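Residue numbers (my numbering), protein chains in the order written: chain A, 78 to 463; chain B, 6 to 69.
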């Protein structure tokens, strides 16, 4: 295992080039679609749906009033912004205030998202070199993250970039056995999105895989070996800290620590295994051929299975849990959750790199065409279908 | 002597880390228990989100 992974100039140029060109492309496409190339016009057209919720969230934080502003939908159905986790809006609010409010809230969010995304790319590159020792894969990963499908979510005021950054850093520090740093990133991740808390299971999978290197698993040896690693124990215990701190805030403000769960009622009518069965049956029988969300659901399962076959169990854990938790209520947002999952993009890169050169180019071209059509769909207001 | 000092320092360090881990676990247990106590929740909130006895609810202006 490499002791130190440094980012060379060539890599920095590649990351910045991909980042700048992809953002310029999104900007121009938005401007072209609406015949409005002004910065404010493009920003307003891009920041839809959840971005509007985050804006209300940021305004409440700035005013130190938990209930002052609400999204317009909040009035009838019981939708409320406490369904969204607070770290990202808090950071946007801080950035917005310390820059003297010279940028709009949306632009502040987009700048923060972009910074997080760039950090995520650096750590993604380091992680791939650490685990795969393949620079080509690392560059392809950066390229697909910048230009690939659903790249829009890493640009606008959504939590995707911050979650991606913290997840990538957590994976990197886990592999480097820097458990306290991993714990800090994990704690911040569980304050960014609820599924962040499940990183605990990624750590367990990694430890079990390490323990099983000789083909045998001994529970007593597993416990005695790992309980001695004090930094590991504390690192694991730190991961849920973000979630539980948010729960404490909800207890104080609403008297309900699970308010972020209960508020889901306003968005989704039902959830459970029966709903998952109905969704799969609907995709494969009633609504055959399946729509884009259903195709991505099955595609994600295949990618998770491919990682399991490759022995990358720890990389398969979080997408599996996220996919399950999301799909027991609805397939909506699954593409966004999966693409922001880091290891799913890695699985795609692993699969592409196992192909011949011509097939690789063909698959990457398909991805780019798909990415453009997704972006157009977003701009035409099909956000909930993506 | 240096080795003994090093071992002592390591032991104290480990005790602090274990202590912090225990404090965190206790914090989680307390928050979890308090999460299922709805005594301070407003009646409208409880009726809509938790009991399901109300069909409409507006979170605007909510708060204990």
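For glycine and all other residues, C-beta sits at the position ideal for the given N, C-alpha and C.
Computed from a predicted structure; not experimentally measured.
> So what does DSSP say about residue 81/A, is it helix, strand or coil?
Replying inline: Residue 81/A sits at position 4 when you count from the first residue of the first chain. Here residue 81/A sits in coil by DSSP.
> In the stretch 285-327 of chain A, which residue ranges form an unbroken alpha helix (DSSP H) of at least 4 residues, counting only runs that do not cross its ends?
Replying inline: 296-304, 307-315
>> Assuming residue 186/A and residue 250/A are in contact, meaning their beta carbons sit under 8 Å apart, how far apart are those beta carbons, in whole angstroms?
In response: Numbered from its first residue, the first chain carries residue 186/A at position 109. Numbered from its first residue, the first chain carries residue 250/A at position 173. Rounded, the Cβ-Cβ distance is 26 Å, inconsistent with contact.
> Between residue 191/A and the ligand ATP, is the CB less than 7 Å from at least one heavy atom?
Replying inline: By its list of ligands, the structure shown contains no ligand whatsoever, and the ligand ATP lies outside what it can speak to.
>> Which complete beta strand (DSSP E) runs does the stretch 8-54 of chain B hold, if anything under 3 residues is left out?
In response: none
> residue 137/A: buried (16+ other C-beta within 10 angstroms of its C-beta) or exposed?
Replying inline: The residue labelled residue 137/A in the question sits at position 60 within the first chain. Buried is the call here.
>> Taking the alpha-carbon of residue 220/A as reference, which of 119/A, 340/A, 95/A has the nearest alpha-carbon?
In response: Counting from 1 along the first chain, the entry for residue 220/A is found at position 143. The option with the nearest alpha carbon to residue 220/A is 95/A.
> For the putative contact between residue 193/A and residue 156/A, defined by C-beta atoms under 8 Å, what is the C-beta separation to the nearest angstrom?
Replying inline: On the first chain, position 116 is the one that residue 193/A refers to. On the first chain, position 79 is the one that residue 156/A refers to. Actually they are not in contact, since the Cβ atoms of residue 193/A and residue 156/A sit about 26 Å apart, beyond 8 Å.
> What does residue 307/A touch in chain B if you count any residue whose Cβ is under 9 Å from its own?
Replying inline: Indexing the first chain from 1 puts residue 307/A at position 230. Going along chain B in sequence order, the residues near residue 307/A (Cβ under 9 Å) are 18, 19, 20, 21, 22, 23, 26.
> Which residues of chain A have a Cβ atom closer than 8 Å to the Cβ of residue 11/B, listed in chain order?
Replying inline: Numbered from 1 along the second chain, position 6 holds the residue referred to as residue 11/B. Within chain A, no residue comes near residue 11/B; the closest Cβ sits about 16 Å away, beyond 8 Å.
> Which residues bound the alpha helix (DSSP H) around residue 179/A?
Replying inline: Stepping through the first chain from its first residue, residue 179/A is reached at position 102. Neither: residue 179/A is in no alpha helix (DSSP H) and is coded neither H nor E.
> Does the count of Cβ pairs from the stretch 308-318 of chain A and the stretch 359-376 of chain A closer than 8 Å reach three?
Replying inline: no
> From residue 439/A to residue 102/A, what distance separates their C-alpha atoms?
Replying inline: For the purposes of this step, residue 439/A is taken as the residue at position 362 of the first chain. For the purposes of this step, residue 102/A is taken as the residue at position 25 of the first chain. The straight-line gap from Cα to Cα measures roughly 21 Å.
>> Taking 8 Å as the cut-off, does the stretch 392-411 of chain A touch the stretch 352-362 of chain A (at least 3 CB pairs, one atom from each stretch)?
In response: yes
> Cα-Cα, which of 32/B, 57/B, 23/B is closest to residue 305/A?
Replying inline: Reading the first chain from its first residue, position 228 is the one you call residue 305/A. That would be 23/B, whose Cα lies nearest to the Cα of residue 305/A.
>> List, in chain order, every chain A residue whose beta-carbon is nearer than 8 Å to that of residue 14/B.
In response: As a first step, residue 14/B is located in the second chain; it is residue number 9 there, counting from the start. Neighbours of residue 14/B on chain A: none; closest Cβ ~13 Å, over 8 Å.
> Any contact of the stretch 441-457 of chain A with the stretch 251-271 of chain A, i.e. 3+ C-beta pairs under 8 Å?
Replying inline: no
> Closest to residue 236/A by CA distance: which of 426/A, 275/A, 418/A is it?
Replying inline: Sequence index remark: in the first chain, residue 236/A carries index 159 (1-based). Of 426/A, 275/A, 418/A, the residue nearest in Cα terms is 418/A.
>> So, at 7 Å on beta carbons, what are the nonlocal neighbours of residue 247/A in its own chain, with the 5 sequence-adjacent residues on each side left out?
In response: One-based indexing of the first chain puts residue 247/A at position 170. Only 259, 262, 263, 266, 276 meet the Cβ criterion.
> With distances taken from CA atoms, which of 123/A, 252/A, 99/A is nearest residue 81/A?
Replying inline: In the first chain, residue 81/A corresponds to position 4, counting from 1. If we check each option's Cα against that of residue 81/A, 252/A comes out closest.
> Which one of 134/A, 124/A, 201/A has the shortest CA to CA distance from residue 89/A?
Replying inline: What you label residue 89/A is simply residue 12 of the first chain in a count that begins at 1. Selected option, being the one with the closest Cα: 201/A.
> Under three-state DSSP, which class holds residue 135/A?
Replying inline: Here the question's residue 135/A lines up with position 58 in the first chain. Residue 135/A falls in the helix class under three-state DSSP.
>> So, with DSSP's three-state summary, where would you put residue 240/A?
In response: Along the first chain, read from residue 1 onward, the residue named residue 240/A stands at position 163. Residue state, collapsed to three classes: helix.
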